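What follows is a single structure, written as structure tokens, with notes after it.
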Amino acid sequence: MLLDEPLISLDPNHQRGVVELVRKVQRELGITVLFSAHELNPLLNALDRVLYLGNGVAALGTVDEVITKPVLSRLYGSPIDVMRVNGKIFVMSGDVEIEKHDHEHEDDDGHAHGGGHDHHPHHGHAHPGHSHDV
């Protein structure tokens, strides 16, 4: 079965439902299913093998072999992060910062406190008690 972008424009609940339905059909009929998709996260925990194409380069293997920071960063030509949380895999842009505490915070007077790198609002996170201009 060939599915071209079956998850596009679906909310996460319906994406999960489509993936579960396709896995059920695949198991019951014993068929191969080929997903063509740009949105990886809903699919990653349902895949047996991955053929990933990007920038004229391909990677083929298991999810653990292909869905890695070095492989995806090479395929995309930019930094990509791969996180494993509660047994699930998530792929995101490498410029997303997730609750790292090696950066500076500004107090209400605009003075920086802490170490690491300068805080930039595009990092997309906030901490209670700290104000950030966006």
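Under our numbering, think of the first position of the sequence shown as 3, with each following residue one higher.
Here a beta-carbon is modelled for each residue, glycine too, at the ideal position from N, C-alpha and C.
Predicted model, so just to flag it, every value in this text is computed and none were measured.
Residues bridged to residue i (per DSSP)
i, result
"R86", "I91"
"D6", "S38"
"G56", "V59"
Per-residue DSSP class, three states only, for residue i
i, result
"V77", "It should be noted that the sequence gives Leu, not Val, for residue 77. Here L77 sits in helix by DSSP."
"P14", "helix"
"G19", "helix"
"P44", "coil"
"D97", "coil"
"R51", "coil"
Cα-Cα separation between residue i and residue j, rounded to whole angstroms
i, j, result
"S80", "V35", "29 angstroms"
"V65", "D13", "23 angstroms"
"R86", "H16", "22 angstroms"
Beta-carbon spacing of residue i, residue j below 8 angstroms
i, j, result
"V21", "L5", "no"
"L46", "F37", "no"
"L9", "A39", "yes"
Q.
Does the structure place the segment 51–65 close enough to the segment 16–33 that three or more beta carbon pairs sit under 8 angstroms?
A. Judged by Cβ distances under 8 angstroms, the segment 16–33 makes no contact with the segment 51–65, as fewer than three pairs qualify.
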